[in-house]
Amino acid sequence: MTARMRDVARRAGVSVKTVSNVINHYPHVTPETRAKVQAAIADLDYRPNLGARSLRKGRCGVIALVVPDLTPPYFAALAAAVARAAKKTGVAVLIEQTDGDPTAEESALNGLRDRLVDGILLWPTASAGRSPSPT
């Protein structure tokens with residue numbers, strides 16, 4: 056059975072709010088309490104329910120990058136830079152390649168809007184013929 060936050064709280068002898076504070080790295084939790092909660096998390100193999108968190112916060116921690124092709128060095132460098140920047144803020148990147156096809160681009164945008172993504176970075180097909188150098 057999957058452990059829930061209240062199971063961790065019960066095991067650690069603290070409130071659910073305290074467990075939440077530890078998980079979210081709030082500084083006002085005493086080191087002793089933090090250690091008890093972390094031990095309970097490890098014992099129960101607790102993993103936060105990211106779906107529930109997304110619904111509660113209205114964000115999912117995922118952005119999309121839509122490019123015509125990842126083969127050209129520019130787009131490969133762009134994807135790498137976006138991924139590095141996103142990682143620093145705890146955001147994941149979903150990459151969609153359209154092969155320069157406007158229909159595929161439109162389909163990707165519509166599909167991504169239906170998925171829960173926090174934002175879409177798009178390199179429009181009209182710009183696909185140009186290959187700028189990264190700066």
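Here the sequence shown is numbered in the numbering used here, starting from 56 and rising by one per residue.
Virtual Cβ for every residue (Gly too), placed ideally from N, Cα, C.
### The beta strand (DSSP E) enclosing A119, as first and last residue numbers
117 to 122
### Task
Report the residue from V117, T85, R89, Y101 whose alpha carbon sits nearest the alpha carbon of A147.
V117
### Message
Going by beta-carbon coordinates alone, are D98 and R66 separated by less than 9 Å?
### Response
yes
### Task
Assign E87 to buried or exposed, taking buried as 16 or more other Cβ atoms, counted over all protein chains shown, within 10 Å of its Cβ.
exposed
### Query
A119 and I175: beta carbons closer than 9 Å?
yes
### Message
Classify L167: buried if its beta carbon has 16 or more other beta carbons within 10 angstroms, exposed otherwise.
### Response
buried
### Query
If we ignore side chains and look at the alpha-carbon of each, how far apart do P128 and G68 end up?
54 Å
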